[in-house]
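Protein chains: 2
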Amino acid sequence: MSCSVVLKEKGLRLTPQRRLILDIIHEADAHLTAEEIINSVQSKMPGVNKSTIYRTLELLEELNCVFKSEVDDKFIYHHAEEGHHHHIICRKCGKSIDCAEHIFHSVETSLNKEYGFHADFKHVVTTGLCSDCLNKV
Amino acid sequence: MSCSVVLKEKGLRLTPQRRLILDIIHEADAHLTAEEIINSVQSKMPGVNKSTIYRTLELLEELNCVFKSEVDDKFIYHHAEEGHHHHIICRKCGKSIDCAEHIFHSVETSLNKEYGFHADFKHVVTTGLCSDCLNKV
DNA sequence: ATTATAATTGCAACCAGGTGCAATAACAAT
DNA sequence: ATTGTTATTGCACCTGGTTGCAATTATAAT
Numbered sequence: 001m002s003c004s005v006v007l008k009e010k011g012l013r014l015t016p017q018r019r020l021i022l023d024i025i026h027e028a029d030a031h032l033t034a035e036e037i038i039n040s041v042q043s044k045m046p047g048v049n050k051s052t053i054y055r056t057l058e059l060l061e062e063l064n065c066v067f068k069s070e071v072d073d074k075f076i077y078h079h080a081e082e083g084h085h086h087h088i089i090c091r092k093c094g095k096s097i098d099c100a101e102h103i104f105h106s107v108e109t110s111l112n113k114e115y116g117f118h119a120d121f122k123h124v125v126t127t128g129l130c131s132d133c134l135n136k137v
Numbered sequence: 138m139s140c141s142v143v144l145k146e147k148g149l150r151l152t153p154q155r156r157l158i159l160d161i162i163h164e165a166d167a168h169l170t171a172e173e174i175i176n177s178v179q180s181k182m183p184g185v186n187k188s189t190i191y192r193t194l195e196l197l198e199e200l201n202c203v204f205k206s207e208v209d210d211k212f213i214y215h216h217a218e219e220g221h222h223h224h225i226i227c228r229k230c231g232k233s234i235d236c237a238e239h240i241f242h243s244v245e246t247s248l249n250k251e252y253g254f255h256a257d258f259k260h261v262v263t264t265g266l267c268s269d270c271l272n273k274v
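Listed in order, the protein sequences are those of chains A and B. With the first letter of the first sequence counted as 1, position 117 gets the number 117 in this note's numbering; the numbers rise by one all the way through. Every position in the second sequence, counted from 1, becomes a number in this note's numbering once 137 is added.
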């Protein structure tokens, strides 16, 4: 379901600022940092306050329209599509790879069996070195 | 090897501020947040600047004397003892459980086989719900 | 088309954490 | 004990992100 419809359904308003932020996130093929989003918004619509942007991103996250995660002390956002929930990000080249969900299943079950612990593994972002950067030493 | 010896070996100085911070981290049986450390330091030695404390913690981390990790957008620190590198933290009661290292081995090998990716799994902190809080609903 | 209402914005101030720099102090050498 | 070197501190300011609040504006009702 389209993000703008989700907004309307909740009695929330589709302001020009929100429309712009939604467009930017939809058009991006990879994840965007908060800074990139702020720059992009303000280049097309100067004067939009950063708090508006942060609040919109927070709202969209709550509505499950975007995913927010943290890499390297920075927040990153991307449009929420069903299917691939985990990411591995190379700390050298910054490349982001969608990671099959099943890879974390074994950890989830182990933590459950050994500690009775139910881990929050809805959207894991893991950093490391990708194959290219490993070989390129 | 004692933290103060590690300092001296590198030509670094054991100032009263550093001695105090080391004491606090050594005496703590669980992890401490940055805020807790700052409060504790300043109650015993008013006037110590927060930047001194953050810099000391950063230094101790580089020397592998303390582990720094992030939970809930806050930094936590604890004394580095060999053996248990992973933690699971309950997002409800805050309890921290040391987690056997082997649990993450399967993910590491899967990521390597399937994507040629070498994950940074030196000290993983995972949040979720512990068995007590799961049952206590 | 006007109006009422509540969601949203921009602003200014705030927070945790980090940084450049001049003043201070730990330690080694004398 | 004094001195010189240089690591360390405190300060003031910066950063990304958050929040309270008064002014604005999208939307529904008339």
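Note that CB positions come from ideal geometry on N, CA and C, so glycine has one too.
Problem - Residues bridged to lysine 74 of chain A (per DSSP) - result: What you label residue 74 of chain A is simply residue 74 of the first sequence in a count that begins at 1. DSSP lists A:Val71 as partners of lysine 74 of chain A.
Handout entry: Reference arginine 105 of chain B, options B:Val208, B:Glu207 and B:Ile174, closest by Cα
Key = Absent from the model: residue 105 of chain B. The displayed extent of chain B is 138 to 274, so no value can be given.
Practice task
Measure the C-alpha to C-alpha separation of alanine 167 of chain B and aspartate 269 of chain B and round it to an integer number of angstroms.
Solution key: Counting from one through the second sequence, the residue named residue 167 of chain B turns up at place 30. Counting from one through the second sequence, the residue named residue 269 of chain B turns up at place 132. Using only the alpha carbons, I get a separation of about 19 Å.
Practice task
Could you tell me if the beta carbon of glutamate 218 of chain B falls within a distance shorter than 8 Å of some heavy atom in the ligand FAD?
Solution key: This structure lacks the ligand FAD; in fact it carries no ligand of any kind.
Practice task
Output yes if chain A places a C-beta closer than 9 Å to the C-beta of isoleucine 190 of chain B; else output no.
Solution key: Numbered from 1 along the second sequence, position 53 holds the residue referred to as residue 190 of chain B. Taking Cβ atoms only, chain A never reaches closer than 9 Å to isoleucine 190 of chain B, which makes this a no.
Practice task
Pull up the CB-CB distance for cysteine 202 of chain B and cysteine 140 of chain B, whole angstroms please, since I reckon it's below 8 Å.
Solution key: Numbered from its first residue, the second sequence carries residue 202 of chain B at position 65. Numbered from its first residue, the second sequence carries residue 140 of chain B at position 3. Cysteine 202 of chain B to cysteine 140 of chain B, Cβ: 4 Å. Contact.
Problem - Simplified DSSP state of cysteine 99 of chain A, which is helix, strand or coil - result: The residue labelled residue 99 of chain A in the question sits at position 99 within the first sequence. In this structure, cysteine 99 of chain A counts as strand in the three-state DSSP scheme.
Practice task
List the whole-angstrom C-beta distance separating valine 41 of chain A from isoleucine 24 of chain A, where the pair is believed to meet the contact cut-off of C-beta under 8 Å.
Solution key: Here residue 41 of chain A is taken as the residue at index 41 of the first sequence, counted from 1. Here residue 24 of chain A is taken as the residue at index 24 of the first sequence, counted from 1. That belief holds up - the Cβ atoms of valine 41 of chain A and isoleucine 24 of chain A are roughly 7 Å apart, short of 8 Å.
Practice task
For arginine 13 of chain A, decide whether its Cβ has a neighbour in chain B, counting only Cβ atoms nearer than 9 Å.
Solution key: Locating residue 13 of chain A in the first sequence gives position 13, where the first residue counts as 1. So, not an interface residue.
Exercise for the section: State the Cα-Cα distance for the pair serine 110 of chain A and glutamate 27 of chain A, rounded to the nearest angstrom. Expected result: For this step, residue 110 of chain A is matched to residue 110 along the first sequence. For this step, residue 27 of chain A is matched to residue 27 along the first sequence. Their backbone Cα atoms lie some 39 Å apart in a straight line.
Problem - 9 Å Cβ cut-off: residues of chain B touching aspartate 29 of chain A - result: Along the first sequence, one-based indexing puts residue 29 of chain A at 29. Those within 9 Å of aspartate 29 of chain A in chain B number zero; the least Cβ separation is about 19 Å.
Problem - Contacts of tyrosine 252 of chain B in chain A (Cβ-Cβ under 8 Å) - result: Working through the second sequence from its first residue, we reach residue 252 of chain B at position 115. Correct list: Ile88, Ile97, Cys99, Cys130 and Ser131.
Problem - 9 Å Cβ cutoff met for threonine 263 of chain B and aspartate 98 of chain A - result: Here the question's residue 263 of chain B lines up with position 126 in the second sequence. Here the question's residue 98 of chain A lines up with position 98 in the first sequence. No, Cβ-Cβ distance for threonine 263 of chain B and aspartate 98 of chain A is not below 9 Å.
Handout entry: Simplified DSSP state of serine 33 of chain A, which is helix, strand or coil
Key = Position 33 of the first sequence holds residue 33 of chain A. One point to set straight first is that residue 33 of chain A is threonine, not serine, in the sequence displayed. Residue state, collapsed to three classes: strand.
Handout entry: C-beta neighbour in chain B for histidine 85 of chain A, strict 9 Å
Key = What you label residue 85 of chain A is simply residue 85 of the first sequence in a count that begins at 1. No, its Cβ sits nowhere closer than 9 Å to a Cβ of chain B.
Problem - Limits of the unbroken alpha helix (DSSP H) element including leucine 129 of chain A - result: Taking the first residue of the first sequence as position 1, residue 129 of chain A is located at position 129. Where leucine 129 of chain A is concerned, there is no enclosing alpha helix (DSSP H), although the beta strand (DSSP E) it sits in stretches over 125 to 129.
Practice task
Below 9 Å between beta carbons is the criterion; list the residues of the segment 42 to 73 of chain A that meet it against any residue of chain B, in chain order.
Solution key: Glu70 and Asp73
Practice task
Return the first residue and the last residue of the beta strand (DSSP E) that cysteine 140 of chain B is part of.
Solution key: Taking the second sequence and counting its residues from 1, the one referred to as residue 140 of chain B is at position 3. First-last for cysteine 140 of chain B: 140 to 146, but that is the alpha helix (DSSP H), not the beta strand (DSSP E).
Exercise for the section: Tell me whether the beta-carbon of isoleucine 240 of chain B lies closer than 9 Å to the beta-carbon of serine 233 of chain B. Expected result: Counted from its first residue, the second sequence places residue 240 of chain B at position 103. Counted from its first residue, the second sequence places residue 233 of chain B at position 96. The answer is no: Cβ separation not under 9 Å.
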